[in-house]
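Enquirer: 0 is the number of the first residue of the sequence shown in numbering that gives the first Met the number 0; add one for each residue after it.
Where a beta carbon is used, it is the ideal one built from N, C-alpha and C, also for glycine.
Have a look at this one before I ask anything.
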Amino acid sequence: MDLSSLRPAKGAVKTKKRVGRGQGTGNGTTAGKGNKGQQSRSGYKRPINEGGQIPVYRRLPKFGFTPIDRKPVTTVNLSQIARWIEIEAVGKEISILDLKNLCHASSSEYFKVLGNGEISVAITITAHAFSKSAEEKIVAAGGSVVKAERTLQEAARVKDLSVDDALLKPKAKVVKVVKPKVKKS
């Protein structure tokens, strides 16, 4: 046996069905597309057309809306954090930058720590939000939680502060100033 005698198994290689190549082939004339109509023609077919039936976009009601200020939230469980500590991916202090790198998240995302799992090591963790159970478990293990006010993207824009300090600095509240009306005499 040599390389020139190798052949594919019988029935393994099928010839491609060539449509529209004469009536004798069995796939001529209409090329398997049936008679007339939009589906028999070439080109784009609108998925919206349902042929006289009320289409889905009219059948179902409008519902809800997309909030303009929606914040993408990345959740991190205590079980994940415990695993990271176990494999020494993080130290005793976990910053938002660590969470961003380990979760492969964007710098505009908020991080919330959830209480799924157990933690036995005292750690200090910085995140935007903590579930009640996560906060209790971290404090019970001898650790502490630090709540950040800004995303990494927002913190990078703050002048005269490092990113770590800017994360914790509260955002300025916009106060509407009402000017008293002066009566004309």
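Within 10 angstroms of the Cβ of H103, are there 16 or more other Cβ atoms? Answer buried if so, exposed if not.
Expert: exposed
Enquirer: Looking at the structure shown, is I95 part of a helix, part of a strand, or coil, going by DSSP?
Expert: helix
Enquirer: Given a cut-off of 8 Å, decide if K146 and V157 are closer than it, judged by their beta-carbon atoms.
Expert: no
Enquirer: Figure out for me which residue from S39, T65 and V75 has the closest Cα to the Cα of G114.
Expert: With distances taken between Cα atoms, G114 lies closest to V75.
Enquirer: How should T150 be labelled, buried or exposed, when 16 other C-beta atoms within 10 angstroms of its C-beta is the threshold for buried?
Expert: buried
Enquirer: Quick check on DSSP: helix, strand or coil for I47?
Expert: coil
Enquirer: Assign V138 to one of three DSSP states: helix, strand, or coil.
Expert: helix
Enquirer: Please name the residue, chosen from S161, E148, S119 and T125, that lies closest to A139 on a Cα-to-Cα basis.
Expert: S119
Enquirer: Can you say whether K136 is buried or exposed, counting buried as having 16 or more other CB atoms within 10 angstroms of its CB?
Expert: buried
Enquirer: Whole angstroms are fine: how far does the CA of I95 sit from the CA of K111?
Expert: Taking the straight line joining both Cα atoms gives about 10 Å.
Enquirer: So the candidates are V72, A165, N100 and K32; which of them puts its Cα closest to the Cα of A128?
Expert: When C-alpha distances from A128 are compared across V72, A165, N100 and K32, the shortest belongs to V72.
Enquirer: Any idea what DSSP makes of K24, helix, strand or coil?
Expert: Just to set this straight, residue 24 is Thr in the shown sequence, not Lys. It is helical.
Enquirer: Just confirm the distance between the C-beta atoms of S143 and T123, as a whole number of angstroms; I'd bet it's less than 8 Å.
Expert: 5 Å
Enquirer: Considering only DSSP beta bridges, list what V162 is partnered with.
Expert: Its beta-bridge partners do not exist; DSSP assigns none.
Enquirer: Give me whichever residues DSSP pairs with K146 in a beta bridge.
Expert: A126
Enquirer: Can you give me the Cβ contacts of K91 inside the same chain, cut-off strictly under 6 Å, excluding the 5 residues immediately before and after it?
Expert: I122
Enquirer: Report the rounded CA-to-CA distance for E134 versus R82, giving the unit in angstroms.
Expert: Whole-angstrom Cα-Cα distance: 18 Å.
Enquirer: By Cβ distance, which residues of its chain are closer than 6 Å to Y109, with the 5 residues on each side in sequence left out?
Expert: The beta carbon of Y109 lies closer than 6 Å to those of K70, V72 and H127 in the same chain, with the five residues before and after it left out.
Enquirer: Applying the criterion that 16 or more other CB atoms from any shown protein chain within 10 Å of the CB defines a buried residue, is A154 buried or exposed?
Expert: buried
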